[in-house]
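Residue numbers (full-length UniProt numbering), protein chains in the order written: chain F, 1 to 408; chain V, 1 to 408. Using N, Cα and C, we set each Cβ at its ideal position, and we do this for glycine too.
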C-alpha cells in the first residue's frame, strides 16, 4: 500500500471553499480497491446538456480508461453524463481485461444513474499492471447514486488521491453579462508528473454554457500554459486525464469570453501549482522563467531541461545557489544558447552574465534566496523573443523514500 | 569540497595492472586547485609521431579547455604532444578568463616539456563557474616534467578523480602480425553523466600505428556503442572529453584492423561500465536491452527513457520488480510501441507479454532477480529489428546526499 506520508510543507493552509456548480453532483465510497480505511471511488453526475472536453496522456502505453474516454468524447452529448474515478489501481497494462473492467463499471454506472453507458467516463489511478477488482466498485454504485450531492466536491477531491498528501481544489466566480458564472475544479497527482499533453487526474466543472468544440479549444490552449508547464520528475503517467464539464446551468453563454477564459486559466494554474506543491518529497516550489530564446519552443526546452535536471533539483534541495548546474542544463538541452550572452538570476539577484559570474554577485545573496520556500530562477538568453515559464519542485530524500518502496 | 565518499559497492576489486604503453609517460602533482591532501594534476607526454583523436561534449555551454582541444585537434601532428588535466575546477562558464587560463597552462606545459603549445591539450573537471587558479598548476609543471614515467598511469587515473570513489583503468593486449599491440586507458566520472557524444574524461593510449583520420573514425564509431550508451542521471557535463592517442611505437599498422578495433571496444566498454559502477550513490549496475524496435534509434530512445526514469531508478534502488514503471517509461519515450506486443523480462524471468502480466510470472521470481547487484532488464517490442543496449545505475539516497551539498 502507498505510504501515508505527512502533508507537504508546500501545501496550502487548507482546502478552499468550493462553491457548488449547478448541474453537477458528487458522491464517494470506500470500495477497498487497494486502500483500506479511506474513500477510493468518486462519482460525478452531470445534467443533460453538459458539454465535456478532455485532454489525455499521449503515452503509447496509456490505460484502458484513457482509451475509452478518448473514444467516447466525440460522441453524442444530449443526455446526462457521469464520471467514475477510482484510486489505488490504474487499470493500465492490464491487457484485454482492462477494457472489460471499464465496460463493467460503465454498465453498472449507467444502470445506477440512468446515464447512457457511452456517456460514462471512467478513470483509474494507482498501481500499473494489476487487474482492477471492478466488482468492488460495481457493488458500490447504487449507494453512490443515492448519495449524490452538489456540495460533496471536497469529498471527491479526497477520494481520487493516491500518494497525494493533500486534496487539491480551486475555484473562481466571475460576472458575465450581469450574471455569476462559477468554476470549481479538483485534481490529484504528486509523482510521475511530466504531462506531455494533459496531466494526472483533473476535473473542472462550470455552469457556463459553451459548445463542446469551443470548450475543447479553450481547454487545449490553456493546458499548454498550465498543466503542460509543470514537472515533478520527468516521468509521464499512463493515466493522465483532464476533463472540463460545462453544465450550462447558469444560462450564460461564455463561448470565447475572455473573462471566462481568464478565470478558467487561474483555476487550472492554481491546480497545476498545487500538484507541484505536492510533488513527492518536495520541499521547494520553483518557478523557472526563460526569456530571450530564439523561439518559444526553445525557451520551453531550456526551461524543462533545467526543471528536470537531477543535479539542479538536488542543489535546490540543498539550498545551494549552484548556478553552474543551470549553465549545464542549458548547455545539454539541445536548444540554441550562447554561453557569452546568457544571464542568470536567483530571485532578483543577478548571478551570471557575459559568460561568467557577475562581478557584483555575492554568494550569500544567492544563498539567501535559496533558503526560501518559493524560488524563482530566471534565465535571459539574449537571442530573441522566445519565452516560457515552468514550475517544478526539488529532488529530496523524500522522493527516494516514497518511490523506492511504493508497492510493498 | 567534494565529499570523500566510501568506495562504490559496485567497484572492481582493485585497479587493474595496466601495461606501459611505449611512447607515453605520466606524472602527477598535488597543486591544491581545490582539493587538499591529494593529487589533482596529471601530465601525459606523447612521443613525436603520435596520432590523436578526440570526441567531446556537444553542450552549448562547454568549457574553455574543450573548445581549445577541438580547435587544436585538426592541427599539425608531427611533433610530440602533451595532455594536462586538473581536477577540482572545470574552467567552464568562466568567460574570457577561461581561455586565458588554458593559454597560460598550455604555454607553461610547452616550456617545461618542449612540446609545441598548439599540441598541448588541456582538460579541467570539477566545479563550474569559478575562475581556475591556473598559477598553482603552472608552478608544478617543471616538477611534473621531471617526474614523467611510463609506469605512472595509475597515479594519473587517481589525479583526475572528482566525486569518483575509485580510479578507473582498463587494458588489452592483442597479437597483430605476430607482434603485441597494447591498449591502456583511464577514466573519471560518476555524476553529470549522460554523454551526448563523448563522456567525462577518458584517456586511452596505444602503441598501435593508425593515421589520425582513421583513428578518429574508429573512435567516433566505438563511442556510439560504449560511452554514449551509459547514463547515471541524464545530466550532461560541460567538460566531457575522450582522447585516444596512438603512439605507433609498436611499429604495427592497426588501421581498420578488426582485432585492434575489438580490443579497443573492450577497453572502452570496460571504462564506460566502470563509470556507471561509480555512479553517484549507485548500488545496482543495470543493463537495459531493447530489441524488436521499429529502428535502432527508437530502440535507443526507449532504452534511455527507461534508464533515465527516476521512478524506474528508485524502484531498482528499492529492489522492487515494478515492471509497471518500465511500461510507463516506454510509453512516454515518444518512440513507437504497441502496448499489446511488447514483452518485458527481468534477467531470465518473463514478466509481461501481450499487454499484460505473464500468467506464469510470480512476483517472487522478479523480486529475486532485483536483489542482485547486476541487473538485466530486457524489452522486446515486437515491431521490427531495431536494438540497443544501454547501462545505468539506480537512484538512491546516496545521490541526493552527494549532490544536495556538493559545493559546501
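1) I need the DSSP call for residue 168 of chain F, collapsed to helix, strand or coil.
2) Taking one C-beta from the region 173–182 of chain V and one from the region 211–229 of chain V each time, how about it: are there three or more such pairs within less than 8 Å?
3) Report all residues from its chain with a CB closer than 6 Å to the CB of residue 197 of chain V; omit the five preceding and five following residues, and keep chain order.
4) Which stretch, first to last residue, makes up the beta strand (DSSP E) that contains residue 124 of chain V?
5) Check the Cβ-Cβ distances between residue 327 of chain V and every residue of chain F, and say whether any is below 9 Å.
6) Determine the burial state of residue 114 of chain V: buried for a count of at least 16 other Cβ atoms within 10 Å of its Cβ, exposed for fewer.
7) Can you tell me where the beta strand (DSSP E) with residue 387 of chain F in it begins and where it stops?
8) Under a three-way DSSP split, which group does residue 18 of chain V fall into?
9) Taking all protein chains shown into account, decide if residue 199 of chain F is buried (16 or more other Cβ within 10 angstroms of its Cβ) or exposed.
10) For residue 171 of chain F, count neighbouring Cβ atoms within 10 angstroms of its own Cβ and tell me buried if that reaches 16, exposed if not.
11) What are the residues in the region 242–268 of chain V lying within 7 Å of chain F by C-beta distance?
12) Can you check DSSP and say which residues form a bridge with residue 173 of chain V?
13) Which of the three DSSP states, helix, strand or coil, is assigned to residue 88 of chain V?
14) In whole angstroms, what is the alpha-carbon distance linking residue 103 of chain F and residue 336 of chain F?
15) Starting from residue 28 of chain F, trace the beta strand (DSSP E) both ways and give me its first and last residue.
16) Counting only Cβ-Cβ distances shorter than 9 Å, please list the residues of the region 87–104 of chain F near chain V, keeping chain order.
17) By the three-class DSSP mapping on this structure, what secondary structure does residue 35 of chain F have?
18) Give every residue of the same chain whose Cβ lies closer than 7 Å to the Cβ of residue 8 of chain V, excluding the five residues on either side of it in the sequence, and list them in chain order.
19) What are the residues in the region 290–311 of chain F lying within 7 Å of chain V by C-beta distance?
20) Rounded to the nearest angstrom, what separates residue 60 of chain F and residue 88 of chain F at their Cα positions?
21) Any heavy atom of the ligand SAH inside 8 Å of the beta-carbon of residue 139 of chain V?
22) Pairing CB atoms from the region 342–351 of chain F with CB atoms from the region 362–378 of chain F, are three or more of them under 8 Å?
23) Might you give, ordered along the chain, the residues of its own chain that have their beta carbon closer than 6 Å to the beta carbon of residue 396 of chain F, omitting 5 neighbours on each side?
24) Using 8 Å as the Cβ pair cut-off and three pairs as the minimum, do the region 287–303 of chain F and the region 11–31 of chain F touch?
25) Looking at residue 209 of chain F and residue 253 of chain F, is the spacing between their C-beta atoms short of 9 Å?
26) Using a cut-off of 8 Å between C-beta atoms, extract the partners of residue 430 of chain V located in chain F.
27) Identify, in the order they occur along the chain, each residue of the same chain with its Cβ nearer than 8 Å to the Cβ of residue 211 of chain V, setting aside the five sequence neighbours on each side.
28) Using 10 angstroms around the beta-carbon of residue 139 of chain V, count the other beta-carbons present and answer buried if the total reaches 16, otherwise exposed.
29) Measuring only the C-alpha atoms, how far is residue 145 of chain V from residue 45 of chain V?
30) Is residue 340 of chain V closer than 9 Å to residue 383 of chain V when the C-beta atoms are compared?
31) What beta strand (DSSP E) runs, 3 residues minimum, are completely inside the region 51–82 of chain V?
32) Where in the region 305–335 of chain F do unbroken runs of the alpha helix (DSSP H), each at least 4 residues long, occur, reported from the N-terminal end onward?
33) By the DSSP assignment, the beta strand (DSSP E) with residue 287 of chain F in it spans what residues?
34) Would you mind telling me which residues of chain F sit closer than 7 Å to residue 34 of chain V, beta carbon to beta carbon, in chain order?
35) Have a look at residue 399 of chain V and residue 308 of chain F and give me their C-alpha separation to the nearest angstrom.
36) For the alpha helix (DSSP H) that residue 255 of chain V lies in, which residues bound it at each end?
The short version:
1) One-based indexing of the first chain puts residue 168 of chain F at position 168. If DSSP states are grouped into helix, strand and coil, residue 168 of chain F belongs with the strands.
2) no
3) Taking the second chain and counting its residues from 1, the one referred to as residue 197 of chain V is at position 197. With a pLDDT of 33 at residue 197 of chain V, under the threshold of 50, the predicted position of this residue should be treated as unreliable, and no value is reported.
4) Along the second chain, read from residue 1 onward, the residue named residue 124 of chain V stands at position 124. 120–127 is the span of the beta strand (DSSP E), which, as asked, contains residue 124 of chain V.
5) Your numbering for residue 327 of chain V matches position 327 in the second chain. Taking Cβ atoms only, chain F reaches closer than 9 Å to residue 327 of chain V, which makes this a yes.
6) Mapped onto the second chain, residue 114 of chain V falls at position 114. Flag for residue 114 of chain V reads exposed.
7) For the purposes of this step, residue 387 of chain F is taken as the residue at position 387 of the first chain. Run containing residue 387 of chain F: 386–393, per the beta strand (DSSP E) assignment.
8) Locating residue 18 of chain V in the second chain gives position 18, counting from the first residue. Of the three classes helix, strand and coil, the one that applies to residue 18 of chain V here is coil, per DSSP.
9) Taking the first chain and counting its residues from 1, the one referred to as residue 199 of chain F is at position 199. Summary for residue 199 of chain F: the model assigns pLDDT 42, below 50, so the residue's position carries little reliability, and this model does not support an answer.
10) On the first chain, position 171 is the one that residue 171 of chain F refers to. Residue 171 of chain F is buried by the Cβ-count criterion.
11) none
12) The sequence position of residue 173 of chain V within the second chain is 173, counting from 1. DSSP output for residue 173 of chain V lists V/182 as bridge partner(s).
13) For the purposes of this step, residue 88 of chain V is taken as the residue at position 88 of the second chain. Of the three classes helix, strand and coil, the one that applies to residue 88 of chain V here is strand, per DSSP.
14) To locate residue 103 of chain F, count along the first chain from 1; it is residue 103. To locate residue 336 of chain F, count along the first chain from 1; it is residue 336. One C-alpha to the other measures close to 48 Å.
15) Indexing the first chain from 1 puts residue 28 of chain F at position 28. Note, residue 28 of chain F: beta strand (DSSP E), 24–29.
16) 90, 92, 93, 94, 95, 96, 97 and 98
17) To locate residue 35 of chain F, count along the first chain from 1; it is residue 35. In this structure, residue 35 of chain F counts as coil in the three-state DSSP scheme.
18) Locating residue 8 of chain V in the second chain gives position 8, where the first residue counts as 1. Result list for residue 8 of chain V: 165, 166, 277, 278 and 282, in chain order.
19) 309, 310 and 311
20) Here residue 60 of chain F is taken as the residue at index 60 of the first chain, counted from 1. Here residue 88 of chain F is taken as the residue at index 88 of the first chain, counted from 1. For residue 60 of chain F and residue 88 of chain F, the distance between alpha carbons rounds to 22 Å.
21) The ligand SAH is not part of the structure shown, which contains no ligands of any sort.
22) yes
23) Position 396 of the first chain, counting from 1, holds the residue named residue 396 of chain F. Correct list, in chain order: 281, 283 and 317.
24) no
25) The residue given as residue 253 of chain F occupies position 253 in the first chain. The residue given as residue 209 of chain F occupies position 209 in the first chain. Going by C-beta atoms, residue 253 of chain F is nearer than 9 Å to residue 209 of chain F.
26) In the structure as shown, chain V starts at 1 and stops at 408, and residue 430 of chain V therefore has no counterpart that could be examined.
27) For the purposes of this step, residue 211 of chain V is taken as the residue at position 211 of the second chain. Taken in chain order, the residues that qualify are 51 and 255.
28) Locating residue 139 of chain V in the second chain gives position 139, counting from the first residue. It is exposed - the Cβ of residue 139 of chain V has fewer than 16 other Cβ atoms within 10 Å.
29) For the purposes of this step, residue 145 of chain V is identified with residue 145 of the second chain, where counting begins at 1. For the purposes of this step, residue 45 of chain V is identified with residue 45 of the second chain, where counting begins at 1. Straight-line Cα distance between these residues: approximately 9 Å.
30) Start at 1 with the first residue of the second chain, and residue 383 of chain V comes out as number 383. Start at 1 with the first residue of the second chain, and residue 340 of chain V comes out as number 340. No, the pair does not count as a contact, with Cβ atoms beyond the cut-off.
31) 51–56
32) 310–317 and 323–332
33) Translated into the one-based positions of the first chain, residue 287 of chain F becomes position 287. Residues 285–293.
34) As a first step, residue 34 of chain V is located in the second chain; it is residue number 34 there, counting from the start. Within 7 Å Cβ-Cβ: nothing; residue 34 of chain V doesn't reach chain F, min ~13 Å.
35) Translated into the one-based positions of the second chain, residue 399 of chain V becomes position 399. Translated into the one-based positions of the first chain, residue 308 of chain F becomes position 308. Straight-line Cα distance between these residues: approximately 15 Å.
36) Residue 255 of chain V sits at position 255 when you count from the first residue of the second chain. Premise fails: residue 255 of chain V is in no alpha helix (DSSP H) and is neither H nor E.
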